[in-house]
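Peer 1: I am attaching a structure below and will ask some questions about it afterwards.
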Amino acid sequence: MKKYIISGVVIVLLIVATTIQLIGNKRTLDEAKVPVDRTKIPVAVNVAAVEKSTLSMTVTYPAIVQPIEDARVFTQASGMVEHLYIDLGSRVTKDQIIGQLDADVLKINLKDSQLAFGKSLDDYNRVKDLYEHNAASKVDMLNAKYNHDKIENQIRLLEKQIQNASIKAPISGVVHAKMVKEGEFVNPGTPIALISNVFTLKATVFVDQELVYQLKEDDQAIVSSPVFPEKVFRGKITFISPVADAHHNYQVDLLLETNDDQRLRGGSDVQVTFQTYSTDEVLQIPKSALVTDAEQPYVFLVQEERVLMRTVETGLVKGDQVEIMKGLSEDDLIVTTGQINLREGSIVNIID
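With my numbering applied, the sequence shown corresponds to residues 35 to 386, in that order.
Here's what the structure looks like:
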């Protein structure tokens, strides 16, 4: 009998111990399910102030620069090239004499005509005086005048021919080709040399329909070259084609600033940057501050070491900057990194 009583007590004790253990395990599990309050744990973040600054949008197109003008040098008379005063690379100015045809025969004929001019003038004056005193006929006076005028015209013709024997530069620029040499015979229209005005260059670019309606003559643009990455050239629009080409692009010509040092050469590839939009003093924030995983973008606004979720209305985006239309004010402090760990009201620790 005593044996059965002891066995019953043991069983009861085991049941009580098991129950206590189960209750303890349940309490542990329940405690594990209780969320940890992290609202009092500061979250390390980087911040930036909302700033006002100019916002501009640009678009860049490839282009080719060319001299503002090119010209062939021609002769206006026939003759042997007696002198050429130019070489490849020579700088010349407009109307500068760069060559001379042999004009010796013309000069001799001019001297003869000048001598004959003096005699014809004396003859005309003598016959005119006789005519006025009825000692010569009107026909004699008119013949004397005709001879005098004819010699005068001959002198003018010879002077013009001698003048045409001088070869002049039609534009200012640099000689980059010579077609004849001294001693060669040339006729009117024979090309002598090629001159390009490389001191003033133009850039020609072809833009699409969307851009062409935003441009107008006298607009400024930035011209850059990979050959001179440290140098920025400025250009002014001088021509916008009223008609598109076969590819629906429009030709736009820009006059570049002076190129006296000839840093750019004709035919060089450049990049032309047009400003398509610009506005002064708009609110901007770093793109990294914007959270876009909701229906409406928002930022975390820092106030007294805590953050508030503030929805914003955005505008233009340029690079890593975003225009803010509504929702923030200048100098507001916003979080730029660490947003993944933030909630409304989270405490933050601002780090440098």
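Virtual Cβ for every residue (Gly too), placed ideally from N, Cα, C.
Would you say the beta carbon of V246 comes nearer than 7 Å to a heavy atom of the ligand PLP?
Peer 2: In the structure on display, the ligand PLP does not appear, and there are no ligands present to speak of.
Peer 1: Inspect the beta-carbon positions of V306 and G269 and report whether they are closer than 8 Å.
Peer 2: Position 272 of the sequence shown, counting from 1, holds the residue named residue 306. Position 235 of the sequence shown, counting from 1, holds the residue named residue 269. Yes, the pair counts as a contact, with Cβ atoms nearer than the cut-off.
Peer 1: Just how far apart, CA to CA, sit V336 and K360?
Peer 2: Translated into the one-based positions of the sequence shown, residue 336 becomes position 302. Translated into the one-based positions of the sequence shown, residue 360 becomes position 326. The alpha-carbon atoms of V336 and K360 are separated by roughly 17 Å.
Peer 1: At which residues does the alpha helix (DSSP H) containing L164 begin and terminate?
Peer 2: As a first step, residue 164 is located in the sequence shown; it is residue number 130 there, counting from the start. 138-166 is the span of the alpha helix (DSSP H), which, as asked, contains L164.
Peer 1: How long is the line joining the alpha carbons of I384 and E357, rounded to whole angstroms?
Peer 2: Indexing the sequence shown from 1 puts residue 384 at position 350. Indexing the sequence shown from 1 puts residue 357 at position 323. Taking the straight line from one Cα to the other gives about 24 Å.
Peer 1: Alpha carbon to alpha carbon, how far is E291 from Y95?
Peer 2: If you number the sequence shown from 1, residue 291 lands on position 257. If you number the sequence shown from 1, residue 95 lands on position 61. Going from the Cα of E291 to the Cα of Y95 covers about 19 Å.
Peer 1: Report the three-state DSSP secondary structure of A82 (helix, strand or coil).
Peer 2: Start at 1 with the first residue of the sequence shown, and residue 82 comes out as number 48. Looking at A82 - three-state DSSP - the assignment turns out to be strand.
Peer 1: What are the partner residues of M343, as DSSP defines its beta bridges?
Peer 2: Indexing the sequence shown from 1 puts residue 343 at position 309. According to DSSP, which records beta bridges pairwise, M343 is partnered with F334.
Peer 1: Could you check the C-alpha separation between V77 and L367 for me, to the nearest Å?
Peer 2: By 1-based counting over the sequence shown, the position of residue 77 is 43. By 1-based counting over the sequence shown, the position of residue 367 is 333. Those two C-alpha atoms are separated by around 16 Å.
Peer 1: Per DSSP, what are the beta-bridge partners of N181 in this structure?
Peer 2: Here the question's residue 181 lines up with position 147 in the sequence shown. Bridge partners of N181: none, in fact.
Peer 1: Compute the Euclidean distance between the alpha carbons of G301 and I132, then round it to the nearest angstrom.
Peer 2: Position 267 of the sequence shown, counted from the start, is the residue given in the question as residue 301. Position 98 of the sequence shown, counted from the start, is the residue given in the question as residue 132. For G301 and I132, the distance between alpha carbons rounds to 26 Å.
Peer 1: If you drop the 5 nearest sequence neighbours on each side, which residues of the same chain put their C-beta closer than 8 Å to that of N181?
Peer 2: In the sequence shown, residue 181 corresponds to position 147, counting from 1. S154, D157, Y158.
Peer 1: Taking DSSP as the reference, what is the three-state secondary structure of A323?
Peer 2: By one-based count along the sequence shown, residue 323 stands at place 289. Of the three classes helix, strand and coil, the one that applies to A323 here is helix, per DSSP.
Peer 1: By the three-class DSSP mapping on this structure, what secondary structure does L362 have?
Peer 2: Against the sequence shown, residue 362 aligns to sequence position 328. Coil, per DSSP.
Peer 1: Buried or exposed: which applies to D407, given that a residue is buried once 16 or more other Cβ atoms fall within 10 Å of its Cβ?
Peer 2: The structure shown does not extend to residue 407, since the chain spans only 35 to 386, so no value can be given for it.
Peer 1: I'd like the span of the alpha helix (DSSP H) that includes L245, first residue to last.
Peer 2: Walking along the sequence shown from the start, residue 245 turns up at place 211. Its alpha helix (DSSP H) spans residues 243-246.
Peer 1: Figure out for me which residue from A82, T92, G372, A83 has the closest Cα to the Cα of A255.
Peer 2: Numbered from its first residue, the sequence shown carries residue 255 at position 221. Ranking A82, T92, G372, A83 by Cα distance to A255 puts T92 first.
Peer 1: Determine the closest residue to M343 out of F240, V369, G349, K321, with distance taken between C-alpha atoms.
Peer 2: Taking the sequence shown and counting its residues from 1, the one referred to as residue 343 is at position 309. Taking only the C-alpha atoms, the option nearest M343 is V369.
Peer 1: Checking the sheet assignment: what are the DSSP bridge partners for H281?
Peer 2: Within the sequence shown, the letter at position 247 stands for residue 281. H281 pairs with nothing; no bridge assigned.
Peer 1: Alpha carbon to alpha carbon, how far is V70 from S87?
Peer 2: In the sequence shown, the residue the question calls residue 70 occupies position 36. In the sequence shown, the residue the question calls residue 87 occupies position 53. Reliability fails at V70, whose pLDDT of 49 lies under 50, so the model's placement of it is uncertain and no value is given.
Peer 1: What are the start and end residues of the beta strand (DSSP E) that includes G269?
Peer 2: To locate residue 269, count along the sequence shown from 1; it is residue 235. That run of the beta strand (DSSP E) goes 262-274.
Peer 1: Quick check on the DSSP output: the beta strand (DSSP E) that includes A203 runs from which residue to which?
Peer 2: Position 169 of the sequence shown holds residue 203. Unbroken run through A203: none, as it is neither H nor E.
Peer 1: Touching or not, the region 111-131 and the region 218-238, by the rule of three or more beta carbon pairs under 8 Å?
Peer 2: Result yes; three or more Cβ-Cβ pairs closer than 8 Å.
Peer 1: Under a Cβ-count criterion, where at least 16 other Cβ atoms within 10 Å of its own Cβ denotes burial, should I98 be classed as buried or exposed?
Peer 2: Stepping through the sequence shown from its first residue, residue 98 is reached at position 64. Result: exposed.
Peer 1: In chain order, what residues of the same chain have a beta carbon less than 6 Å from the beta carbon of Q188, not counting five sequence neighbours either side?
Peer 2: Mapped onto the sequence shown, residue 188 falls at position 154. Excluding positions up to five away in sequence, the list reads S147.
Peer 1: Please name the residue or residues paired with I98 in a DSSP beta bridge.
Peer 2: The sequence position of residue 98 within the sequence shown is 64, counting from 1. Its beta-bridge partners are T238, D303.
Peer 1: Tell whether a beta-carbon distance below 8 Å holds between V346 and V333.
Peer 2: As a first step, residue 346 is located in the sequence shown; it is residue number 312 there, counting from the start. As a first step, residue 333 is located in the sequence shown; it is residue number 299 there, counting from the start. In contact: V346 and V333 (Cβ atoms closer than 8 Å).
Peer 1: Do you know how far the Cα of D183 is from the Cα of K141?
Peer 2: By 1-based counting over the sequence shown, the position of residue 141 is 107. By 1-based counting over the sequence shown, the position of residue 183 is 149. Between K141 and D183, the C-alpha separation is close to 20 Å.
Peer 1: I think L317 touches V84, with their Cβ atoms under 8 Å apart; what is that distance to the nearest whole Å?
Peer 2: Taking the first residue of the sequence shown as 1, we reach residue 317 at position 283. Taking the first residue of the sequence shown as 1, we reach residue 84 at position 50. Right, the Cβ-Cβ distance comes to about 6 Å (below 8 Å), so this counts as a contact.
Peer 1: Rounded to the nearest angstrom, what separates I229 and K128 at their Cα positions?
Peer 2: Translated into the one-based positions of the sequence shown, residue 229 becomes position 195. Translated into the one-based positions of the sequence shown, residue 128 becomes position 94. Rounded to whole angstroms, I229 to K128 spans 10 Å at the Cα level.
Peer 1: Looking only at its own chain, which residues have a Cβ that is under 6 Å from the Cβ of K321, when we skip the five neighbours before and after it?
Peer 2: Locating residue 321 in the sequence shown gives position 287, counting from the first residue. For K321, where only same-chain residues beyond five positions count, the Cβ hits under 6 Å are D354, V356.
Peer 1: Measuring CB to CB, does E244 end up less than 8 Å from I274?
Peer 2: By 1-based counting over the sequence shown, the position of residue 244 is 210. By 1-based counting over the sequence shown, the position of residue 274 is 240. No, these two residues do not count as a Cβ contact at 8 Å.
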